[in-house]
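Colleague: Under my numbering, the first residue of the sequence shown is numbered 6, with each subsequent residue one higher.
For every residue, glycine included, the Cβ atom is placed at its ideal position computed from N, Cα and C.
Structure in structure tokens, see below.
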Amino acid sequence: MRDALRQHLRAILDTYDAVPADFEVELERPAQPEHGDWATNTAMRLASVLKNNPRTIAEELADKLREQVDPKRVEAVEVAGPGFINIRLADTYLTDQLASALEAGSSYGRTTTGAETSAIVEYVSANPTGPLTVGHGRNAVLGDTVANLLEWTGCDVTREYYYNDAGRQMRVLAQSVRARYEALVADVEMKTLTHDDGTTVEVPVSFPDDGYQGAYIINIAQELADEHGAALLTTDSLRPFQDKAEEVIFTEIEGTLARLGIEMDDYFNERRLYDDERVQQTVERLTEAGYTYEKDDALWFKTTEFGKDKDTVLIKKTGEPTYRTPDIAYHADKFERGFDAIIDVLGADHVATYPDVISALDVLGYDTDRVEVLLYQFVTLVRGGEPVKMSTRRANYVTLDDLINEVTADVTRFFFLMRSASTHLDFDLDLATEASDKNPVFYLQYAHARICSIYDKAAEVGLDAAGDADLTLLTHDDETALIKELLRFPEVIDRAAAQRAPHHVATYLREVATAFSQFYGSCHIIGEDEALGAARLKLADATRTVLRNGLTVLGIDAPASM
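In structure tokens, the structure reads:
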């Protein structure tokens, strides 16, 4: 309806020569229900353009709008205050839309705003150097839900996990595994490493100073020892150690993601870019464009020409590319695959580095307007109002599995999504484990389960849940308020998808559950006149559908009982 009203107003404005063709009609939901369902300040914004009193302009626009709209869809067009136009929807329109929502069922909320478009969403993208942490968890859930939202608008979405398997981190990982392997199969000298907090750990003398110290490294080394005995002592290559580490760690990573209902379409490794000579070609193209130079035996990218304080190294004096260089090649590869939107989900610590990739892509001639970087702030686990560290047997960080074990996958997903990605998230463990209405996940899931219970009770007393019902009987204020809330669902999906902001869905679902609670407290279903009870049961069913579909978008279960 919002789009239809906007089109009506735009058509009216086209009859005024003075109104610019690019003037955008704004329609908002009034804060007070008594002001109607939609409101526009168009008249006030056009006062200086049309050189007239905004109230007079509003009266004229309202008269013309009344002539255009269908009275079965719009009950009233009213002028208020200094020149607001308030629009009130007709009851027949509301009940017709409610019937459509019921008919759509599990498809209700899906739109076509993204039809015939494609997007690649790259998320998680943690290098396989250890288990996923809580920080990776917010990335994973955010990216996965953005992908869900895009699919609900009809977009063709590819989910991709990119990881570095050709750089220094992986070399240090392999060295760490090798050192632990040597200690398992041979008598090697040990040394003591002291951490910043004063704690110590015993490692083989061949263990790199910045090596990976978690217990999972010893477990990987043990698997190699079980498979090969001492045979790998004679090899100079780190490849068997890196390959085994990747295999074991990625198995664990995929298992962790699966617990959250996350499944990738592709795992894209950096090695592909070297095997296909994409990294070398990218550097050559930047050089041919005149944006690189050599200094101190390194190759530099002229990022100062794009507003940075200093230039950026692409190839170190050792001949090894910095991490930005394959990143540029990887994004060029995404462009070559023809996606309409290229979405990267990155932590806030990338805010100063990703612009280098964008600048390079500009130089290479790609349309960087198609690249969107979704930055998210970091997560602090809180218990009793104080930041805490959860115990872990692996290393000095909190694993995502540890968090899921403590609060469940559903709670993990919802808590990561209930705040805007741009805000720091305090993950309240006390609230997350509470089985009451204070816990927003429990509140939503319980609302869905309660409606399922209502259906069971209705069946017991012979109230027909499957047959037709006269929805025009739904005239109580709380019934009307709930219907209007439910009809917002497709709009919320579109908005959340367009803004890459899943928290809008989380917030909306809580508003639906609250509106249902208000309705259920004042409008009995069982024990009322049969026709009215059947209509209210249908309204409860529509609410259940919206809760279930919305939770599905968020990747959260909608239980039938609790």
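Is A357 near L380, with beta carbons less than 8 Å apart?
Modeller: Cβ atoms of A357 and L380: not closer than 8 Å.
Colleague: What is the DSSP secondary structure of R164, counted as helix, strand or coil?
Modeller: The answer is strand: DSSP assigns R164 an E or B state.
Colleague: Where M6 and M423 are concerned, what is the direct C-alpha to C-alpha distance, given to the nearest angstrom?
Modeller: Distance between the alpha carbons of M6 and M423 is about 28 Å.
Colleague: How many Å lie between Q218 and S181 at the Cα?
Modeller: Whole-angstrom Cα-Cα distance: 8 Å.
Colleague: If V190 sits next to L238, beta carbons under 8 Å apart, how far is it from one beta carbon to the other, in whole angstroms?
Modeller: Yes, V190 and L238 are in contact; Cβ-Cβ is about 7 Å, under 8 Å.
Colleague: Please go through the same chain and pick out, in chain order, the residues whose beta-carbon is closer than 7 Å to the beta-carbon of K339, but skip the five residues on each side of it.
Modeller: These residues qualify, in order along the chain: I125, I347.
Colleague: Compare the Cα-Cα distances from E282 to each of L366, V129, P326, N224 and report the closest residue.
Modeller: Ranking L366, V129, P326, N224 by Cα distance to E282 puts P326 first.
Colleague: Should L479 and A547 be called a contact, given that it needs their Cβ atoms to be closer than 8 Å?
Modeller: Against a cut-off of 8 Å, the Cβ pair of A547 and L479 comes out as no contact.
Colleague: When the Cα of V378 is compared with those of K394, I62, H336, which residue comes out closest?
Modeller: Taking only the C-alpha atoms, the option nearest V378 is H336.
Colleague: I need the straight-line Cα distance from S396 to T404, nearest angstrom please.
Modeller: Because the pLDDT of S396 is 49, which lies under 50, any placement of that residue in the model is unreliable, and the number read from its coordinates should be weighed accordingly. So the two alpha carbons sit approximately 9 Å from each other.
Colleague: What's the C-alpha gap between K543 and Q102?
Modeller: For K543 and Q102, the distance between alpha carbons rounds to 13 Å.
Colleague: What do you get for S130, buried or exposed, if any count of 16 or more other CB atoms within 10 angstroms of its CB means buried?
Modeller: Its Cβ being crowded by 16 or more others within 10 Å, S130 is buried.
Colleague: Beta-carbon within less than 7 Å of D483's beta-carbon, same chain only, minus the 5 sequence neighbours each way: which residues are those?
Modeller: Hits under 7 Å: Q523, F524, S527, C528.
Colleague: With I17 and L51 assumed to form a contact (beta carbons below 8 Å), what rounded beta-carbon distance in angstroms separates them?
Modeller: Not a contact, Cβ separation roughly 11 Å.
Colleague: Does the beta-carbon distance from Q382 to H429 come in below 8 Å?
Modeller: Their beta carbons are under 8 Å apart, which means Q382 touches H429 by this criterion.
Colleague: Tell me the DSSP bridge mates of M195?
Modeller: Answer by DSSP bridge pairing, in chain order: P209.
Colleague: Applying the 10 Å Cβ sphere with the 16-neighbour rule, what's the burial state of S364?
Modeller: Classification of S364: buried, given that the 10 Å Cβ count is 16 or more.
Colleague: According to DSSP, A303 sits in a beta bridge with which residue or residues?
Modeller: Answer is K300.
Colleague: Please classify G203 as buried or exposed, where buried requires at least 16 other C-beta atoms within 10 Å of its C-beta.
Modeller: With fewer than 16 other Cβ atoms within 10 Å, it is exposed.
Colleague: Give me the Cβ distance between R418 and I561, rounded to the nearest whole Å; I'm assuming they're in contact under 8 Å.
Modeller: About 6 Å; that satisfies the 8 Å criterion.
Colleague: Give me the Cβ distance between E80 and A95, rounded to the nearest whole Å; I'm assuming they're in contact under 8 Å.
Modeller: Right, the Cβ-Cβ distance comes to about 4 Å (below 8 Å), so this counts as a contact.
Colleague: Could you tell me which residues DSSP puts in a beta bridge with E251?
Modeller: In the DSSP output, where bridge partners are listed per residue, E251 has none listed.
Colleague: Using a Cβ-Cβ cutoff of less than 7 Å, which residues in the same chain neighbour P445 once the five nearest sequence positions on both sides are dropped?
Modeller: Closer than 7 Å at the Cβ level, and outside the excluded window around P445, lie F419, M423, R515.
Colleague: If M567 sits next to Y451, beta carbons under 8 Å apart, how far is it from one beta carbon to the other, in whole angstroms?
Modeller: 6 Å between Cβ atoms; contact.
Colleague: Per DSSP, what kind of secondary structure is A474 in: helix, strand or coil?
Modeller: Here A474 sits in coil by DSSP.
Colleague: Just mark M175 as buried or exposed, buried being the case when its beta carbon has 16 or more other beta carbons within 10 Å.
Modeller: The residue is buried, with at least 16 neighbouring Cβ atoms inside 10 Å.
Colleague: If I measure Cβ to Cβ from K77 and keep anything under 7 Å in the same chain, skipping five residues before and after, which residues do I get?
Modeller: Taken in chain order, the residues that qualify are A95, T97, Y98.
Colleague: Across which residues does DSSP place L430 in a beta bridge pair?
Modeller: Per DSSP, V384.
Colleague: Where does T45 sit, in a helix, a strand or coil, going by DSSP?
Modeller: In the structure shown, T45 sits in a strand (DSSP, three-state: E or B).
Colleague: Would you call the stretch 252-265 and the stretch 318-333 in contact, with 3 or more CB pairs under 8 Å?
Modeller: Short answer: they don't touch.
Colleague: Thinking C-beta only, is A85 closer than 8 Å to H40?
Modeller: For H40 and A85, yes; Cβs fall inside 8 Å.
Colleague: Output the boundary residues of the alpha helix (DSSP H) element that contains N554.
Modeller: 535-558 is the extent of the alpha helix (DSSP H) around N554.
Colleague: Between Q286 and T308, what straight-line distance do the alpha-carbon atoms span, to the nearest angstrom?
Modeller: If I take the Cα positions, the gap works out to 19 Å.
Colleague: Nearest by alpha-carbon distance to N554: which of D22, D442, S112, L147 is it?
Modeller: Among D22, D442, S112, L147, the Cα nearest to that of N554 is on S112.
Colleague: According to DSSP, is Y335 part of a helix, a strand, or is it coil?
Modeller: In the structure shown, Y335 sits in a helix (DSSP, three-state: H, G or I).
Colleague: Give the range of the alpha helix (DSSP H) segment to which L351 is assigned.
Modeller: L351 -> not in any alpha helix (DSSP H); beta strand (DSSP E) instead, spanning 346-352.
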